[in-house]
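Worksheet: the structure to be examined is printed underneath.
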Amino acid sequence: MVLLPDPAWPVVVLAVISLVDGVLCLKPASFIAACFDDVGFPRTYWWVASPIKFAAAAGLVAGIWIPGLGALTTACLVLYFVLAIAMHVRAHDFGRNLFLNATGMLLLCVATLVFTWS
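This note's numbering applies: residue 146 is where the sequence shown begins, and numbers increase by one.
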């Protein structure tokens, strides 16, 4: 298994997306707050979204130079979005948030994992 991304640009793109997503979750943008509400994610835990997304961005960037870290971080993002999809399904939220946002991000994470570390 390759432990450094080749090419690195998909990892950088995913890191930028994670960073922007983290910023949007600091004081959740209206569409993010609506998504959290729709899946029944308790407001007392909304604050954890930003640190998770900032850590993902940092892990992805550091993983360009630290063997294995980028692949591990990308695999963790795959798990994150699998859980997000499960939350949408459990809440019977079969709209845009599930099919465009969560599923789109899952596909992007899986593609990054396969394309850069295989």
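Note that CB positions come from ideal geometry on N, CA and C, so glycine has one too.
- In this chain, the alpha helix (DSSP H) harbouring residue 166 covers 154 to 171.
- In this structure, residue 233 lies near residue 247, with their beta-carbon atoms less than 8 Å apart.
- Secondary structure at residue 236: coil, using DSSP grouped into helix, strand and coil.
- Shown here, residue 177 sits in a helix according to DSSP, grouped into three states.
- Spatial neighbours of residue 255 in its own chain (CB-CB distance under 7 Å, excluding positions within 5 residues in sequence) are listed in chain order as 223.
- Straight-line spacing of the CA atoms in residue 227 and residue 250 works out to 10 Å.
- Around the CB of residue 172, fewer than 16 other CB atoms lie within 10 Å, so the residue is classed as exposed.
- The stretch 204 to 211 makes no contact with the stretch 182 to 190: fewer than 3 CB pairs, one atom from each, lie closer than 8 Å.
- Within the stretch 172 to 222, the complete alpha helix (DSSP H) segments at least 4 residues long are 175 to 184 and 194 to 207, listed from N- to C-terminus.
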